[in-house]
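>
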Amino acid sequence: HVCLDTDNEKSFLRELTQVLLYLLTSEDDFHCNALLCLVRELCVNSVLVPLLDLVSDPDYINQIIIFLCKDIPVSSDVFLTTLRVTDNPVELTATKELLHKEMATLRSRDSGGEDDAWVKQQISSLVYVQRVIESRLSRLEEGADT
Numbered sequence: 425h426v427c428l429d430t431d432n433e434k435s436f437l438r439e440l441t442q443v444l445l446y447l448l449t450s451e452d453d454f455h456c457n458a459l460l461c462l463v464r465e466l467c468v469n470s471v472l473v474p475l476l477d478l479v480s481d482p483d484y485i486n487q488i489i490i491f492l493c494k495d496i497p498v499s500s501d502v503f504l505t506t507l508r509v510t511d512n513p514v515e516l517t518a519t520k521e522l523l524h525k526e527m528a529t530l531r532s533r534d535s536g537g538e539d540d541a542w543v544k545q546q547i548s549s550l551v552y553v554q555r556v557i558e559s560r561l562s563r564l565e566e567g568a569d570t
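Just so we're on the same page, my numbering is the position in the sequence shown counted from 1, plus 424.
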């Protein structure tokens, strides 16, 4: 396969660039071998190979997915279902720590003002999520759901 060997990959990209240059350049420019070789090698080695390396990097793909999904809100049902079925105690513990930080922030706002009912409701919801996490962690520790 072309992509399994870097020499074959570059050779394929050179041929592809050669076709593109034939289509995009004037006849006089295309017959100038020095210019053609220079532009072809610049396109292949400075543009196409780095671009293909970038888009085939798993970390880059993950970052793009995160970027595209960050504005999509996760519903509470999906979040709770994820917490209930996950097998990763490290993720559960990290979520629990973030939950504690959020609860501490909300408790600092619980001063009896006009947002008091909203703050109490949020804290109550977070306590429920905390119980879900603790329940899942205890089941994972017991080995009941592996």
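C-beta: ideal position from N, C-alpha, C; glycine also.
Go ahead and pull the three-state DSSP assignment for residue 429.
Numbered from 1 along the sequence shown, position 5 holds the residue referred to as residue 429. Of the three classes helix, strand and coil, the one that applies to residue 429 here is coil, per DSSP.
> Any beta carbon from chain B within less than 8 Å of residue 488's own beta carbon?
Here chain B cannot be found, since the structure has a single protein chain.
> Per the contact definition of three or more C-beta pairs closer than 8 Å, is the region 427-440 in contact with the region 462-472?
As far as the Cβ criterion goes, the region 462-472 touches the region 427-440, which means the pair count is three or higher.
> Quick check on the DSSP output: what are the complete alpha helix (DSSP H) runs of length 4 or more inside the region 511-551, in order along the chain?
Complete alpha helix (DSSP H) runs here, min 4: 513-533.
> For residue 456, which three-state DSSP category applies?
The count along the sequence shown starts at 1 and reaches residue 456 at position 32. The answer is coil: DSSP assigns residue 456 none of H, G, I, E or B.
> Measure the alpha-carbon distance for residue 509 versus residue 427 and round it to whole angstroms.
For the purposes of this step, residue 509 is taken as the residue at position 85 of the sequence shown. For the purposes of this step, residue 427 is taken as the residue at position 3 of the sequence shown. Answer to the nearest angstrom: the Cα atoms are 38 Å apart.
> Go to residue 486, then tell me how far its alpha helix (DSSP H) extends in each direction, as first and last residue.
Position 62 of the sequence shown, counted from the first residue, corresponds to residue 486. Looking at the DSSP string, the run of the alpha helix (DSSP H) that includes residue 486 is 482-493.
> Taking the Cβ atom as the reference point for each residue, do residue 513 and residue 564 lie within a distance shorter than 8 Å?
Taking the sequence shown and counting its residues from 1, the one referred to as residue 513 is at position 89. Taking the sequence shown and counting its residues from 1, the one referred to as residue 564 is at position 140. Contact: yes.
> What is the C-beta distance between residue 553 and residue 523, in whole angstroms, given that I count them as a contact (C-beta under 8 Å)?
On the sequence shown, position 129 is the one that residue 553 refers to. On the sequence shown, position 99 is the one that residue 523 refers to. Contact holds; Cβ gap of about 6 Å.
> Would the beta-carbon of residue 519 fall within 8 Å of that of residue 507?
Here residue 519 refers to the residue found at position 95 when the sequence shown is read from its first residue. Here residue 507 refers to the residue found at position 83 when the sequence shown is read from its first residue. Cβ atoms of residue 519 and residue 507: closer than 8 Å.
> Per DSSP, what kind of secondary structure is residue 506 in: helix, strand or coil?
Here residue 506 corresponds to residue number 82 of the sequence shown, with the count starting at 1. Helix.
> Helix, strand or coil for residue 498, going by three-state DSSP, please let me know.
Mapped onto the sequence shown, residue 498 falls at position 74. Looking at residue 498 - three-state DSSP - the assignment turns out to be coil, as it is neither helix nor strand.
> From which residue to which residue does the alpha helix (DSSP H) around residue 473 run?
Position 49 of the sequence shown, counted from the start, is the residue given in the question as residue 473. Start and end: 473-479.
> When the Cα atoms are used, what is the spatial distance from residue 544 to residue 515?
Sequence index remark: in the sequence shown, residue 544 carries index 120 (1-based). Sequence index remark: in the sequence shown, residue 515 carries index 91 (1-based). Roughly 26 Å between the two C-alpha positions.
> Using only the alpha-carbon positions, how far apart do residue 530 and residue 433 sit?
For the purposes of this step, residue 530 is taken as residue 106 along the sequence shown, with counting starting at 1. For the purposes of this step, residue 433 is taken as residue 9 along the sequence shown, with counting starting at 1. Computed Cα separation, rounded: 56 Å.
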